[in-house]
Amino acid sequence: MCNLSTKLIKSPCVFVAKLIMNFLAHAFLSFGQEKILVGNFIADFVKGKQINDFEDEIVQGILLHREIDYFTDSHPLVKAGQSYLRKKFGHYSTVITDVFFDYFLIKNWKDFSSTPLPKFIEDTYTALDGYSDVFPERFAKMYSFMKKDNWLLHYGEIEGIQRSLTGMSRRTTFVSKMEEAHLALLEYEPQFQVIFFAFFKDLETFAFAKLQEIKNAHGRH
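What the sequence shown shows, in mature numbering (1 follows the signal peptide of the UniProt record, and there is no 0), is residues -27 to -1, 1 to 194, in sequence order.
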């Protein structure tokens, strides 16, 4: 959900690492619709007129992904969470907040879905595999690593958060201190959990309504 400018990034590797943080939430917010899921996953790899290369429902998923990103980046609760981080981490607080929210989604999965998380993740990979022929080249390369290493569970543990943010920190142009961000989660976990629950319920409601709006605009009811 973060839109960190690539101007802040030294290597494409950190851009890919940044994207890991969004996938579980975007999978959940595809509401069990396979082509919406595909669009939701490939959206960051589709630029300009390339969107015209995909069928309607995949385009709808791409558009939904972008709406989710905008809603998240501008939401006052997200900004409130970032306020705990901004003094130390500056603009990197947007990346860190997304990582923290994925952590809470995994930790509290049963509050959002009756499908066990391992089954949901398995079904997500199975659905995506069926559309591998339409994957943008860069996404296809990344997806092979995503599935192999099961990135959808990447931020479920503090150790996973620390490893990922440390890797990002090593590749950023400026001093980010992201390798220390897991300590902020440990310090402010109760506050972030309250913010996450309030925000994510709001996001789920928004995404469901926005998807219907997008479908209607594309002639799908």
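Backbone N, C-alpha and C fix where the C-beta goes; we use that ideal spot for every residue, glycine too.
- Counting C-beta pairs with one atom in each stretch, the stretch 166 to 183 and the stretch 43 to 58 have three or more that are closer than 8 angstroms, which means they touch.
- Separation of K61 and L50 (C-alpha to C-alpha, rounded to the nearest whole angstrom) is 19 angstroms.
- In terms of CA proximity to G129, N81 leads the group A100, G5, N81 and S47.
- Annotation: the continuous alpha helix (DSSP H) that includes T99 extends over L90 to D102.
- Taking 7 angstroms as the cut-off, the Cβ atoms of L125 and L37 do not count as close.
- Across the structure, F14 and Q6 are spaced so that their CA atoms are roughly 12 angstroms apart.
- Pairing A154 with L138 gives a Cβ-Cβ distance under 7 angstroms.
- Counting only residues of its own chain and dropping the five nearest sequence neighbours on each side, N123 has a CB closer than 8 angstroms to the CB of I94.
- Assigned with DSSP and collapsed to three states, T146 falls in coil, not helix or strand.
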